[in-house]
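In the UniProt record's numbering, the protein residues as written are 1 to 162.
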């Protein structure tokens, strides 16, 4: 028996849109901070020897980059928890979560590739925030395939027993 939910499909679509916009915004901020960090590093290396006072701003920019990456992971984690809860509550699969996030990760990956072609940023730095979400999505996909195969096998076994 399917359970009902208080969230309507329209509300879920709105939340998904807000999620996608926030993820794109946070990733854009990550790119901007990485570019700023690269520009500052080039400035510091070209202008003079680094002093003890220069270390503080360098560490601060590194902290901004790490914090932005953590916010990216936190948004993904919240969406993952919401998707799992909603699928458990409704007795459905996580197919829509997989599709939304696969499109998001692929789009961000392509955007990162394009940015790397027009800037001095390394492709690895641009893809770094995508590694954890992509790994989770791959594991979730394999889990969904396993569940699908298992339920298909159980239906086949029940048919043979009857």
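The C-beta atom is built at its ideal place from N, Cα and C for all residues, glycine as well.
Assigned secondary structure, residue i (DSSP; H/G/I helix, E/B strand, else coil)
i, result
"residue 170", "Absent from the structure is residue 170, since the part of the chain shown begins at 1 and ends at 162."
"residue 10", "helix"
"residue 22", "helix"
"residue 35", "helix"
"residue 94", "coil"
"residue 48", "coil"
Integer-rounded CB distance, given that residue j should sit under 8 Å from residue i
i, j, result
"residue 69", "residue 36", "Contact flag wrong, Cβ pair sits at about 15 Å."
"residue 26", "residue 72", "5 Å"
"residue 105", "residue 130", "6 Å"
"residue 50", "residue 94", "At roughly 48 Å, the Cβ-Cβ gap does not stay under 8 Å, so residue 50 and residue 94 are not in contact."
"residue 55", "residue 40", "Going by Cβ atoms, the distance from residue 55 to residue 40 rounds to 12 Å, so no, they are not a contact pair."
First through last residue of the alpha helix (DSSP H) which encompasses residue i
i, result
"residue 52", "52-90"
Contact set for residue i: own chain, Cβ-Cβ below 6 Å, skip 5 residues either direction
i, result
"residue 116", "123 and 126"
Close Cβ partners of residue i (< 8 Å) along its chain, the five nearest in sequence each way excluded
i, result
"residue 3", "Bear in mind that the predicted position of residue 3 carries a pLDDT of just 49, short of 50, making it too unreliable to give a figure here."
"residue 34", "65, 121, 125 and 126"
Same chain only: Cβ atoms within 7 Å of residue i, ignoring 5 sequence neighbours per side
i, result
"residue 22", "75"
"residue 143", "none"
"residue 137", "98, 101, 102 and 105"
"residue 109", "127 and 130"
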